[in-house]
Structure formats: C-alpha cells, structure tokens
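Trainee: I have a structure here, written as structure tokens, and I will follow up with some questions on it.
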Amino acid sequence: TIRRGLLAGMFMMTAFGAKAQNPIIQTCFTTDPAPMVHNGRVYLYTGHDEDNADFFWMQEWRVYSSADMVNWTDQGSPLAIEDFSWGDDRAWAPQCIERDGKFYFYVPLHSKLSGTMAIGVAVGDSPTGPFRDAIGKPLADGSWDYIDPTVFIDDDGQAYLYWGNPRVYYVKLNKDMISFDGEVQKIDMTVEGFGKLPNTPLAKDEKRGKTAYTEGPWVMKRNNKYFMLYAAGGIPEHIAYSQADTPVGPWKRMGKIMPLQGTGSFTNHCGVTDFKGHSYFFYHTGWLPKGGGFARSVAVEEFKYNPDGTFPIVNATRE
Ligand code: FUB
2 TIRRGLLAGM FMMTAFGAKA QNPIIQTCFT TDPAPMVHNG RVYLYTGHDE DNADFFWMQE
62 WRVYSSADMV NWTDQGSPLA IEDFSWGDDR AWAPQCIERD GKFYFYVPLH SKLSGTMAIG
122 VAVGDSPTGP FRDAIGKPLA DGSWDYIDPT VFIDDDGQAY LYWGNPRVYY VKLNKDMISF
182 DGEVQKIDMT VEGFGKLPNT PLAKDEKRGK TAYTEGPWVM KRNNKYFMLY AAGGIPEHIA
242 YSQADTPVGP WKRMGKIMPL QGTGSFTNHC GVTDFKGHSY FFYHTGWLPK GGGFARSVAV
302 EEFKYNPDGT FPIVNATRE
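Position in the sequence shown (first residue = 1) + 1 = UniProt numbering.
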C-alpha cells in the first residue's frame, strides 16, 4: 500500500492527508494516466472527463506532478482541443516524453479534417508546458482506429509511436519526434500475440478481429525485453500484456495484469513507471462520487516485478 495524498486544488503546491485513498486525484475526473519521470518528479498526464457526460466528450488534457507519490501538485491543463486548429473534441489518452530538452505530448482527438479520430503531437519546453501543436496538422488521420498513442525511445535512440483500437499500428519516429521515418505499419494481431477475445457481443464484429487486445497500448522496455500493456477483453476491459524481443514484435501474450474487479468503469487504461526505486501501475476507475464509465478517476498501485521480470497480478485497491 502506498501512502497517498489528496490533491487539494488547482494552484495548491502541496496536498494533505498522506493516508488518503485511491483515486489519487479527487478534485476533478481524470482518465488514461501516463506517467513520466523527469528531474526527480513524476509527471502524470491525464484526460479529463466532464461532469454529467454521456460519452467521452473531453476537451482538455491535464498534468499533475509529485516528488514523493504522496503529495500531488495540480499543474493545470497545458493542452486542450482548442490548441489544435483541426480538432473539435474527444481529448483522449495522452502520453508525453522528453527528448533533447523538449517535451513531446502525443494525443488522440477527433479531426475536423477527416471526421474520424487522429493522432496529434504538441511540443513544449517543460514537462508542464505550455504546449503548442508541433506541426499544425495531424501526425496520422483518417481512421476511427487512430486513438491512444504510446511513445517509446529505445536504447539505440530510435523512437517508436504505437497506437490503435482494435489493432495496433506503429511507426518509427525521426529524431525530431514530429515526423515519421517510413510508413505506418500494422502489427500482426494474432491470438498467440494478444490473446483470444472472450465470447461477448463484440466478438461477433468481424471488422474487429479476434484478439483480446482492445486499446490503450503502453510500450516499455525492461531487462532487454519489450512489453506492451493494454486494455483487453472488449467491454468491460481488463489490463493484459504481451512481450517481445524487439520493439516491433513478434509479440507473445503473457497474461493479465489487472483483472476485472469492480473498478466502476467499463474501460481501463494503464501507464507504468519506476520512481525512486519503486514500481508503480497507474490505471483508472469510476470511484469518485458521481463517478462511472464516463466519469473516471486515476488510481495507482505500487507493485514488484516477478523474479523472472514478468508482471505480477496487480489488484485495484482503494488504499
Ligand atoms: O478516454 C477515452 C478512451 O477511453 C481512451 O482513449 C481509451 O483508452 C479509454 O480509456
């Protein structure tokens, strides 16, 4: 159990209640957590569900930070739909990464150009922004599949961007982090790689494919193994993961990390980081008052990797 602090307000620099419980952000609804460690702080990039929403009509992304995983500072909203001239709503799952002193903030949003979802990239000089649309147009546009970007820089300096629902796309990024090196590739979505979709109504959708992978990829490397964590199982979602020896596969399905267990949200979405010698698994729930599937809130669990480097089961707790 981690000791956590309640977030106390938009401009509050410290929080209170060091034994407060999940969810860690309690001043507004937050979703789709993506942690990033920089200069001794963990920065947490999230979406923001609106009050009384009937869908994911989200308008902005938010950032929180902490030096101790107890006290969280609300860094506000340094990036919103209005910062993309070509977007109009659905400020979905973000991720930010640093390269050469610049911060690249990858986001999915609804494109006015295509009428479908698209991937955008913003850039800033600090982890809390301000951020601006880096290229003034989508990085990738024209498909409802184009959501939930995750970005990763390998030890050799090659950056990769992955995204997608219900299949995973990837592309190599140039060193500028805002253009592609080559064509967008589709990952081979095999049952061996990503598990079998349970026999739910979703499984009858032929366009969807037959693997359990649903959305929300999170790609990372540890001990020379590549891991892709993701929301799986259709609706409702659990978190599962696959492993590979290269950043582009072939992927092997490893198992569940966070099973279905009454998180109060039919989606789940994870982000993982090590911070000051501990490992943390961020996810979202519907646990705030008036919470639910369209009113989610970010929670976190500390965990330890198995001795062989694989992920353990991480249960959602209110502690
Ligand atoms: O927050 C909107 C969508 O819900 C995200 O893009 C998905 O990962 C799911 O969490």
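A virtual CB, placed ideally from N, CA and C, is assigned to each residue, including glycine.
1) Give me the Cα-Cα distance between Met11 and Asp75, rounded to the nearest whole angstrom.
2) In the structure shown, what three-state DSSP assignment does Val192 receive?
3) Is the separation between the beta-carbon of His285 and that of Glu303 shorter than 8 Å?
4) If the criterion is Cβ atoms closer than 8 Å, does the pair Ala92 and Glu61 meet it?
5) In terms of DSSP beta bridges, what is Pro109 paired with?
6) Taking 7 Å as the line, does the beta carbon of Trp93 fall inside it for any heavy atom of ligand 1?
7) Under the criterion of a Cβ to heavy atom distance below 7 Å, does Ala213 qualify as lining ligand 1?
8) Using a 10 Å radius around the Cβ and a threshold of 16 neighbouring Cβ atoms, would you call Gly263 buried or exposed?
9) Candidates Val38, Met178, His39, Pro34: which alpha carbon is nearest Asp50's?
10) Under the DSSP definition of a beta bridge, which residues are partnered with Lys222?
11) Taking the alpha carbon of Lys305 as the point to measure from, which residue in Ile240, Tyr281, Val169 has its own alpha carbon closest?
12) For my contact list, Lys222 and Asp146 are in at a C-beta cut-off of 8 Å; report their separation, rounded to the angstrom.
13) Can you tell me the Cβ-Cβ gap for Val301 and Ile82, rounded? I've got them flagged as a contact below 8 Å.
14) Please classify Arg63: is it buried, with 16 or more other beta-carbons within 10 angstroms of its beta-carbon, or exposed?
15) In angstroms with no decimal places, state the Cα-to-Cα distance between Ala241 and Ala135.
16) Take Cys97 and list the residues in its own chain whose beta-carbon comes closer than 6 Å to its own, dropping the five residues that flank it on each side.
17) Comparing alpha-carbon positions, which option in Tyr44, Ser127, Pro218 lies nearest Thr162?
18) So the candidates are Gly77, Thr311, Ala233; which of them puts its Cα closest to the Cα of Met255?
Mentor: So, from the listed chains and residues:
1) Any reading at Met11 must be qualified, since the residue scores a pLDDT of 37, below 50, and its modelled position is unreliable; the value itself is stated next. Cα to Cα, the separation comes out at about 5 Å.
2) helix
3) no
4) yes
5) Ile120
6) yes
7) no
8) exposed
9) Pro34
10) Tyr227
11) Tyr281
12) Actually they do not touch by this definition, with Cβ atoms about 25 Å apart.
13) Their Cβ separation, rounded to whole angstroms, is 26 Å, which puts Val301 and Ile82 out of contact at 8 Å.
14) buried
15) 32 Å
16) Met37, Tyr46, Phe104, Phe106
17) The question names Thr, yet the displayed sequence has Leu at residue 162. Closest option to Leu162, Cα to Cα, is Pro218.
18) Thr311
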